[in-house]
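**Q** Sharing a structure here in structure tokens format.
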Amino acid sequence: MGKIPVLKVVIAGDGNVGKTSLVRRYCEGKFEASRVATIGVDFQTKVVELPAGSVKLSIWDMAGQDRFRVVRSGFYRGSLATALVYDVTDLISLANLKKWHQEISGITPDQKFIVVGNKIDLERVEQVEAAQTFAERITASYLETSALTGEGVTDMFRALASIASSHLSFPQDESVDQQNKSLRDEDPQSPLG
Ligand code: G3D
Ligand code: MG
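The numbering used here applies: residue 903 is where the sequence shown begins, and numbers increase by one.
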């Protein structure tokens, strides 16, 4: 088997929406209350099994605070997919996803996105429709999670891995040659009919 492709992905969104908690939950399987806020960037890796093959996600968890804007821009380079995370109890964090989307697609124009509403274990204040409309507008899928209970977290990272790997040809793609060969074999012009 060949080497596992490493895919850089980004977790973006306002401070306090739960980005670091989502990464922790996914990579370490736990939730810690009262964590220290991310300074600059956190970094974790995890292998994800996709139907087409395995990939290793390198997950970059950006600090949401405005004063880290300069640090962040360099870290977007080379990333393939971003989860834009907001907090379903915080309307401002949803409105700000537009700003996050602009910041990231301005630096990496081919970036693919998913939109994630976190903290669904709490009483929500936002309108799901507004989040879905935003996701549609940027051709992203919309998912909901709770880093606290773990609900939706695996799906979120699988979705991210899946869009980040859409450009890859996995070893199984050798079968494309095989398929092309069978198409040629079916060619009515062929002497075998
Ligand atoms: P950030 O990395 O986006 O800045 P953090 O966010 O992961 O640091 O989380 C910010 C706060 O929200 C933390 O609270 C964390 O425990 C809480 N949190 C994160 N995800 C969830 C969730 O899904 N549900 C609930 N109920 N809380 C969540 P504290 O109080 O520890 O600062
Ligand atoms: Mg953080």
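Don't be surprised by glycine CBs; every beta carbon is placed ideally from N, CA and C. Please read all numbers here as calculations on a predicted model, not as lab measurements.
1. For Gln1034 and Val1017, what's the separation of their Cα atoms in angstroms?
2. Extract the residue ranges of the alpha helix (DSSP H) inside the region 907 to 951, only unbroken runs of 4 or more that lie entirely within it.
3. Please report the residue range of the alpha helix (DSSP H) in which Gly1019 lies.
4. Going by beta carbon distance, what residues of the same chain come within less than 6 Å of Cys929, once the five residues before and after it are set aside?
5. From Val919 to Val908, what distance separates their C-alpha atoms?
6. Would the beta-carbon of Ala965 be found less than 7 Å away from any heavy atom of the ligand MG?
7. Between the beta-carbon of Thr1099 and the beta-carbon of Ser1043, is there less than 8 Å?
8. What do you reckon, are the CB atoms on Gln1013 and Thr1051 nearer than 8 Å?
9. Look at Val972 and Ser1067 and say whether their C-beta atoms are less than 8 Å apart.
10. Taking the runs of the alpha helix (DSSP H) that are 4 residues or longer, which of them lie wholly in the region 990 to 1067?
11. Do Ser1048 and Ile1022 come within 8 Å of each other at the CB atom, strictly closer than that value?
12. Restricting to Cα atoms, I'd like to know which of Ala997, Val911, Leu986, Lys1001 is closest to Val1027.
13. Tell me whether Gly1095 is buried or exposed, calling it buried when 16 or more other Cβ atoms sit within 10 Å of its Cβ.
14. Is Gln1066 near the ligand G3D - that is, is its Cβ less than 7 Å away from at least one heavy atom of it?
15. Could you check the C-alpha separation between Arg1039 and His1003 for me, to the nearest Å?
**A** In short, the structure shows the following:
1. 8 Å
2. Runs of the alpha helix (DSSP H) inside the region 907 to 951: 921 to 930.
3. Where Gly1019 is concerned, there is no enclosing alpha helix (DSSP H), although the beta strand (DSSP E) it sits in stretches over 1014 to 1020.
4. Gln946, Lys948
5. 26 Å
6. For Ala965, the CB falls within less than 7 Å of some heavy atom of the ligand MG.
7. The structure shown does not extend to residue 1099, since the chain is modelled only from 903 through 1095, so no value can be given for it.
8. no
9. no
10. 993 to 997, 999 to 1009, 1030 to 1039, 1055 to 1066
11. yes
12. The shortest C-alpha separation from Val1027 is found at Ala997.
13. No answer about Gly1095 holds up, because its pLDDT of 36 lies below 50 and its placement is not dependable.
14. Here residue 1066 is Ala; the residue named in the question, Gln, does not match the sequence. Checking every heavy atom of the ligand G3D against the Cβ of Ala1066, none is found closer than 7 Å.
15. Cα-Cα distance, rounded: 11 Å.
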